[in-house]
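S.K.:
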Amino acid sequence: MASRRTSTAAAWPSAPPAGVSSRPASRASPAPDTVAGLLCDHPADADDLVQETLVKVYLRWSRISRLDSPDAYVRAMLANQHLSMRRSQSRDRRGRRWPGAPSAVDDREPAVADRSALADALAGLGARQRAVVVLRYYCDLSDEQIADALGCSPRTVRSQASRALARLRDTATAEELG
1 MASRRTSTAA AWPSAPPAGV SSRPASRASP APDTVAGLLC DHPADADDLV QETLVKVYLR
61 WSRISRLDSP DAYVRAMLAN QHLSMRRSQS RDRRGRRWPG APSAVDDREP AVADRSALAD
121 ALAGLGARQR AVVVLRYYCD LSDEQIADAL GCSPRTVRSQ ASRALARLRD TATAEELG
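Numbering (this note's numbering), first residue to last: 1 to 178.
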């Protein structure tokens, strides 16, 4: 018996969903998996976040593709899915690194040490504060765009950012003194 192959083009909507880009490479917009990696404590959680978000994007692609800025809408879906997943997880995982992660980084690799320190610092933030920091400083969004993505006011975004930066400063100061 020969198996029948179907064309993958028939399985996709009229345009590819987010994460399967057809836009020119010169347009700078962070990929969903990169943003998810910054939002989540564990690589497996980041993979789950991207997968669940892209399933929702696929199911709603006919509406999303008609928006003025589908990338912004997908980022908002990603951030909201992250917050939802964090609410449903137990709090005992907060601040923990994934199993097998190195606790110390070799000083010969400063870029790796910087990334590890950033991951440790972000792990100490709450879900909403982390989302604000990632969307503001990595995705380079304005307070209004972040507020739209997270469903809150720009004032809330500013206060969350201020508290997050204060916490990051305290963490950095404690490490320097310790």
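A virtual CB, placed ideally from N, CA and C, is assigned to each residue, including glycine.
For Leu67, count neighbouring C-beta atoms within 10 Å of its own C-beta (all shown protein chains included) and say buried if the count is 16 or more, exposed if not.
M.R.: Counting Cβ neighbours within 10 Å, Leu67 comes out exposed, since fewer than 16 surround it.
S.K.: What did DSSP end up calling Ala164 once you bin it into helix, strand or coil?
M.R.: Three-state result, Ala164: helix.
S.K.: By the three-class DSSP mapping on this structure, what secondary structure does Gly124 have?
M.R.: Residue state, collapsed to three classes: coil.
S.K.: How far does the alpha helix (DSSP H) with Val50 in it reach, from first residue to last?
M.R.: Counting along the chain, the alpha helix (DSSP H) containing Val50 begins and ends at 43 to 59.
S.K.: Return the CA-CA distance between Met50 and Gln81, expressed in angstroms with no decimal places.
M.R.: Correcting the residue identity first, residue 50 is Val in this sequence and not Met. Approximately 9 Å between the Cα atoms of the pair.
S.K.: How is the alpha helix (DSSP H) around Asp143 delimited, first residue to last?
M.R.: From DSSP, the alpha helix (DSSP H) with Asp143 extends over 143 to 150.
S.K.: Report the CB separation of Ala179 from Val132 in whole angstroms; it is logged as a contact under 8 Å.
M.R.: Past the boundaries of the shown model lies residue 179; the chain is included only from 1 to 178, so the question cannot be answered.
S.K.: DSSP three-state call for Asp140: helix, strand or coil?
M.R.: Asp140: coil per DSSP, three-state reduction.
S.K.: Output needed for Arg60: all residues of its chain with C-beta closer than 6 Å, excluding positions within five of it in sequence on either side, in chain order.
M.R.: Hits under 6 Å: none found.
S.K.: Going by the CB atoms, is the gap between Ala46 and Leu39 shorter than 9 Å?
M.R.: Taking 9 Å as the Cβ cut-off, Leu39 and Ala46 qualify as a contacting pair.
S.K.: Starting from Val134, trace the alpha helix (DSSP H) in both directions and tell me its first and last residue.
M.R.: No alpha helix (DSSP H) contains Val134, which DSSP labels as neither H nor E.
S.K.: Three-state secondary structure (DSSP) at Ser153?
M.R.: Three-state DSSP puts Ser153 in coil, outside helix and strand.
S.K.: Throw me the rounded Cβ distance for the Leu165 and Ala79 pair, which I believe falls under 8 Å.
M.R.: At roughly 18 Å, the Cβ-Cβ gap does not stay under 8 Å, so Leu165 and Ala79 are not in contact.
S.K.: Alpha carbon to alpha carbon, what distance is there between Ala174 and Tyr73?
M.R.: Those two C-alpha atoms are separated by around 38 Å.
S.K.: Exposed or buried, what is Arg115 when buried is set at 16 or more other beta-carbons lying within 10 Å of its beta-carbon?
M.R.: Exposed is the call here.
S.K.: Below 8 Å on the Cβ atoms is my guess for Arg128 versus Leu83; work out the distance and round it to an integer in Å.
M.R.: That belief holds up - the Cβ atoms of Arg128 and Leu83 are roughly 6 Å apart, short of 8 Å.
S.K.: Using DSSP with H/G/I as helix, E/B as strand and the rest coil, what is Thr173?
M.R.: The answer is helix: DSSP assigns Thr173 an H, G or I state.
S.K.: Which of helix, strand or coil does DSSP assign to Asp68?
M.R.: Coil at Asp68, not helix or strand.
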